[in-house]
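Undergrad: Numbering (the working numbering), first residue to last: 847 to 926. One structure is given below, represented as structure tokens, and several questions about it will come after.
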Amino acid sequence: VNVPALIDNKLNDDKSSLESHLVIKSNERLEILVERVKHEIFLFIENAEKIRVLIELNVMYSNGIDYETQCLWKNQLIQM
Numbered sequence: 847v848n849v850p851a852l853i854d855n856k857l858n859d860d861k862s863s864l865e866s867h868l869v870i871k872s873n874e875r876l877e878i879l880v881e882r883v884k885h886e887i888f889l890f891i892e893n894a895e896k897i898r899v900l901i902e903l904n905v906m907y908s909n910g911i912d913y914e915t916q917c918l919w920k921n922q923l924i925q926m
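Next comes the structure, spelled out in structure tokens:
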């Protein structure tokens, strides 16, 4: 007969141990997922900013903006 034991004022049996382990594993996986989503959001925002600058460069070129200004924008894009 499996009798739960009281350890450190907590009931310790196989079922509660397994449930605790599953909760811990679930939390670890959730933390990993959250970090991955944060990274993906960062990359998305970074790429969106680059696309915005490319569109602005295209608009400048189409509207005959001087070459020096275009170079400044290109340098900004390269630094990203």
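C-beta atoms are modelled at their ideal positions from N, C-alpha and C, and glycine is treated no differently.
When the Cα atoms are used, what is the spatial distance from S862 to I870?
TA: Cα to Cα, S862 sits roughly 12 Å from I870.
Undergrad: Grouping DSSP H, G and I as helix and E and B as strand, with all else coil, what is I911?
TA: Three-state result, I911: coil.
Undergrad: Alpha carbon to alpha carbon, what distance is there between L876 and E865?
TA: Whole-angstrom Cα-Cα distance: 16 Å.
Undergrad: How long is the line joining the alpha carbons of M906 and L889, rounded to whole angstroms?
TA: Looking at the two C-alpha atoms, the distance is approximately 26 Å.
Undergrad: Measure how close the beta-carbons of W919 and E902 come, nearest whole angstrom, since I'm counting them as under 8 Å.
TA: Rounded, the Cβ-Cβ distance is 6 Å, consistent with contact.
Undergrad: If you draw a straight line from the C-alpha of R882 to the C-alpha of G910, how long is it?
TA: If I take the Cα positions, the gap works out to 42 Å.
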